[in-house]
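Participant: For any residue, its number in my numbering is found by taking its place in the sequence shown, counting from 1, and adding 541. Just so you know, even glycine gets a beta-carbon here, dropped at the ideal spot from N, CA and C. None of these values were measured; they are calculated from a predicted model. Got a structure here, written out as structure tokens. Questions coming.
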Amino acid sequence: MQLIDGKAVADRIKQEIAQEVETICNAGGKRPHLAAVLVGHDGGSETYVAHKVKACEQCGFKSTLVRYESDVTEDELLRKVDELNNDPDIDGFIVQLPLPKHISEQKVIEAIDYRKDVDGFHPVNVGRMSIGLPCFVSATPAGIMELLARYEIETKGKHCVVLGRSNIVGKPVATLMMQKAYPGNATVTVCHSATPNIKEICRTADIIIAALGSPEFVTADMVKEGAVIIDVGTTRVPDASKKSGFKLTGDVKFDEVAPRCSFITPVPGGVGPMTIVSLMRNTLLAGKKAIYR
Ligand code: GUN
Numbered sequence: 542m543q544l545i546d547g548k549a550v551a552d553r554i555k556q557e558i559a560q561e562v563e564t565i566c567n568a569g570g571k572r573p574h575l576a577a578v579l580v581g582h583d584g585g586s587e588t589y590v591a592h593k594v595k596a597c598e599q600c601g602f603k604s605t606l607v608r609y610e611s612d613v614t615e616d617e618l619l620r621k622v623d624e625l626n627n628d629p630d631i632d633g634f635i636v637q638l639p640l641p642k643h644i645s646e647q648k649v650i651e652a653i654d655y656r657k658d659v660d661g662f663h664p665v666n667v668g669r670m671s672i673g674l675p676c677f678v679s680a681t682p683a684g685i686m687e688l689l690a691r692y693e694i695e696t697k698g699k700h701c702v703v704l705g706r707s708n709i710v711g712k713p714v715a716t717l718m719m720q721k722a723y724p725g726n727a728t729v730t731v732c733h734s735a736t737p738n739i740k741e742i743c744r745t746a747d748i749i750i751a752a753l754g755s756p757e758f759v760t761a762d763m764v765k766e767g768a769v770i771i772d773v774g775t776t777r778v779p780d781a782s783k784k785s786g787f788k789l790t791g792d793v794k795f796d797e798v799a800p801r802c803s804f805i806t807p808v809p810g811g812v813g814p815m816t817i818v819s820l821m822r823n824t825l826l827a828g829k830k831a832i833y834r
């Protein structure tokens with residue numbers, strides 16, 4: 542069994558990005574600038590956005606954090622999106638999800654200029670990704686593909702089972718895994734809450750990408766000997782022994798599943814750090830106008 546060290550890969554990529562940024566700036570080019578909009582005080586969102594801001598520093602980017610209380614109106618948020626769309630110094634920006642119930646996430650996503658949509662959530666980017674055109678690929682799926690590539694994991698002709706059908710992870714990663722490319726070219730099955738025989742389907746998988754948000758859902762009896770396991774879960778499970786009061790728990794029962802695998806990602810330190818680095822890469826691409834002019 543080989544552990545996929547997402548943190549080590551992410552650290553290396555951040556160094557590569559930082560070097561490229563210095564080269565750009567030394568040649569008189571513009572330092573990439575990412576803005577993040579955070580609404581409310583959800584613990585998970587606060588942590589993710591803090592990590593994104595820190596990663597910007599590590600990559601040599603400029604970053605701007607825009608904060609609102611959770612009672613901000615949809616109109617006010619849409620006005621900020623419009624302002625960021627039109628600010629020439631901002632290369633890309635994200636609005637951290639989830640948003641409070643009174644705000645339409647879809648309306649906000651569609652209000653973002655797709656050329657600055659470094660999250661890759663805008664329908665233009667989702668559509669372009671699904672037909673294999675250059676675009677901003679959303680960060681978690683892009684991070685997973687990068688890990689498969691860096692560990693030279695064979696995907697062609699393999700049976701890849703994706704657990705979960707979210708717009709952020711399940712759907713896009715299933716799309717990428719079926720593209721005629723490496724990584725990809727796999728036979729993909731997507732399982733979700735209405736799939737009756739998930740265990741049986743998982744047992745036929747060469748690769749399982751678990752993105753349900755259901756702690757320790759994948760158990761040893763669901764995993765074929767030698768399978769590759771990518772765990773996207775990051776649920777905060779109460780744990781009195783931790784200073785924070787919780788333990789970040791994946792969708793895979795790691796201790797019993799790991800001995801059966803050829804490769805497995807840990808939680809934390811697997812997919813998570815790669816997600817942030819993929820956002821940094823998209824911001825660099827936005828800064829260089831490498832995808833859209
Ligand atoms: N919430 C959970 N993951 C993400 C992400 O990748 N981007 C944004 N904007 N919100 C999220």
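Please state whether the Cβ-Cβ distance between Leu717 and Pro682 is less than 7 Å.
Facilitator: Along the sequence shown, read from residue 1 onward, the residue named residue 717 stands at position 176. Along the sequence shown, read from residue 1 onward, the residue named residue 682 stands at position 141. Yes, they are a contact pair.
Participant: Starting from Asp772, follow its DSSP beta bridges and name the residues at the other end.
Facilitator: What you label residue 772 is simply residue 231 of the sequence shown in a count that begins at 1. In DSSP, Asp772 forms a bridge with Ala751.
Participant: Do you know offhand how far Val818's Cα is from Met763's?
Facilitator: Locating residue 818 in the sequence shown gives position 277, counting from the first residue. Locating residue 763 in the sequence shown gives position 222, counting from the first residue. Approximately 31 Å, taken between the alpha carbons.
Participant: Which residue wins for smallest C-alpha separation from Thr790, given the options Pro809, Ser604, Phe804?
Facilitator: In the sequence shown, counting from the first residue as 1, residue 790 sits at position 249. Nearest option by C-alpha distance: Pro809.
Participant: Say yes only if the C-beta of Leu618 is nearer than 6 Å to one or more non-hydrogen atoms of the ligand GUN, and no if none qualify.
Facilitator: Within the sequence shown, the letter at position 77 stands for residue 618. Not under cutoff, so the answer is no.
Participant: Got a sec? Which residues, its chain only, sit under 6 Å from Gly661 by beta carbon, not counting five neighbours each side?
Facilitator: Taking the first residue of the sequence shown as 1, we reach residue 661 at position 120. The residues are Phe677, Val678, Ser679.
Participant: Got a sec? Which residues, its chain only, sit under 8 Å from Cys597 by beta carbon, not counting five neighbours each side?
Facilitator: Translated into positions along the sequence shown, residue 597 becomes position 56. Cβ within range, chain order: Leu575, Lys603, Ser604, Met821, Thr824.
Participant: Taking a contact to mean a Cβ-Cβ separation below 7 Å, would you say Ile653 touches His663 in this structure?
Facilitator: As a working mapping, residue 653 is identified with position 112 in the sequence shown. As a working mapping, residue 663 is identified with position 122 in the sequence shown. Contact flag set, yes.
Participant: Does the Cβ of Lys830 have 16 or more other Cβ atoms within 10 Å, making it buried, or fewer, making it exposed?
Facilitator: Taking the first residue of the sequence shown as 1, we reach residue 830 at position 289. Lys830 is exposed by the Cβ-count criterion.
Participant: Relative to the ligand GUN, is the shortest distance from any of its heavy atoms to the C-beta of Ala680 smaller than 6 Å?
Facilitator: Position 139 of the sequence shown, counted from the start, is the residue given in the question as residue 680. It does: the Cβ of Ala680 is within 6 Å (strictly closer) of some heavy atom of the ligand GUN.
Participant: Going by C-alpha to C-alpha distance, which of Lys642, Lys788, Gln647 sits closest to Pro756?
Facilitator: For the purposes of this step, residue 756 is taken as the residue at position 215 of the sequence shown. Comparing Cα positions, the closest option is Lys788.
Participant: Which residue's Cα is closest to the Cα of Tyr833: Asp612, Ile545, Asp658, Cys701?
Facilitator: Position 292 of the sequence shown holds residue 833. Closest by alpha carbon: Asp658.
Participant: Return yes when the C-beta of Leu826 is under 6 Å from any heavy atom of the ligand GUN, and no when it is not.
Facilitator: As a working mapping, residue 826 is identified with position 285 in the sequence shown. For the ligand GUN, not one heavy atom lies less than 6 Å from the Cβ of Leu826.
Participant: Less than 7 Å between C-beta atoms, sequence neighbours within five positions excluded: which residues of the same chain meet that for Lys571?
Facilitator: The sequence position of residue 571 within the sequence shown is 30, counting from 1. Only Gly828 meet the Cβ criterion.
Participant: Between Lys593 and Val812, what straight-line distance do the alpha-carbon atoms span, to the nearest angstrom?
Facilitator: Here residue 593 refers to the residue found at position 52 of the sequence shown. Here residue 812 refers to the residue found at position 271 of the sequence shown. Each residue's alpha carbon lies about 14 Å from the other.
Participant: Skipping 5 residues on each side, what residues in its chain have a beta carbon closer than 7 Å to that of Pro641?
Facilitator: Locating residue 641 in the sequence shown gives position 100, counting from the first residue. So the qualifying residues of the chain are Val580, Gly581, Ser611.
Participant: Looking at the unbroken beta strand (DSSP E) that takes in Ile635, where does it start and where does it end?
Facilitator: On the sequence shown, position 94 is the one that residue 635 refers to. Start and end: 633-636.
Participant: Nearest to Gly633 by alpha carbon, out of Val578, Pro814, Asp583?
Facilitator: Here residue 633 refers to the residue found at position 92 of the sequence shown. Nearest option by C-alpha distance: Val578.
Participant: What did DSSP end up calling Thr790 once you bin it into helix, strand or coil?
Facilitator: As a first step, residue 790 must be located in the sequence shown, where it is residue number 249. Three-state DSSP puts Thr790 in a strand.
Participant: Mind reading off the beta-carbon distance from Lys699 to Ala727? Whole number of angstroms is fine, and I expect it under 8 Å.
Facilitator: For this step, residue 699 is matched to residue 158 along the sequence shown. For this step, residue 727 is matched to residue 186 along the sequence shown. Contact flag correct, Cβ pair sits at about 5 Å.
Participant: Of all the options Val667, Phe795, Ile694, Phe804, which has the alpha carbon lying nearest to the alpha carbon of Gly725?
Facilitator: Working through the sequence shown from its first residue, we reach residue 725 at position 184. Measuring from the Cα of Gly725, the nearest candidate turns out to be Ile694.
Participant: With a threshold of 6 Å on Cβ separation, who are the neighbours of Arg608 within its own chain once the five nearest residues in sequence on each side are excluded?
Facilitator: By one-based count along the sequence shown, residue 608 stands at place 67. Same-chain partners within the cutoff: Leu579.
Participant: What is the C-beta distance between Val710 and Val759, in whole angstroms, given that I count them as a contact (C-beta under 8 Å)?
Facilitator: Along the sequence shown, read from residue 1 onward, the residue named residue 710 stands at position 169. Along the sequence shown, read from residue 1 onward, the residue named residue 759 stands at position 218. No, Val710 and Val759 are not in contact; Cβ-Cβ is about 15 Å, not under 8 Å.
Participant: Using 6 Å as the cut-off, classify the Cβ of Asp772 as near or not near the heavy atoms of the ligand GUN, replying yes or no.
Facilitator: Counted from its first residue, the sequence shown places residue 772 at position 231. Because no heavy atom of the ligand GUN lies under 6 Å away, the Cβ of Asp772 does not count as near it: no.
Participant: Is there at least one non-hydrogen atom of the ligand GUN closer than 6 Å to the beta-carbon of Asp632?
Facilitator: Numbered from 1 along the sequence shown, position 91 holds the residue referred to as residue 632. No, the Cβ of Asp632 stays beyond 6 Å of every heavy atom of the ligand GUN.
Participant: For Ala576, which residues does DSSP report across the bridge?
Facilitator: By 1-based counting over the sequence shown, the position of residue 576 is 35. BP columns for Ala576 point to Thr605, Phe634.
Participant: Determine, for Val764, whether the minimum Cβ-Cβ distance to residues of chain D falls below 7 Å.
Facilitator: In the structure shown, chain D does not exist; there is a single protein chain.
Participant: From Val636, Asp780, Gln599, Pro629, pick the residue whose C-alpha is nearest to that of Leu618; which is it?
Facilitator: Position 77 of the sequence shown, counted from the start, is the residue given in the question as residue 618. Among Val636, Asp780, Gln599, Pro629, the Cα nearest to that of Leu618 belongs to Val636.
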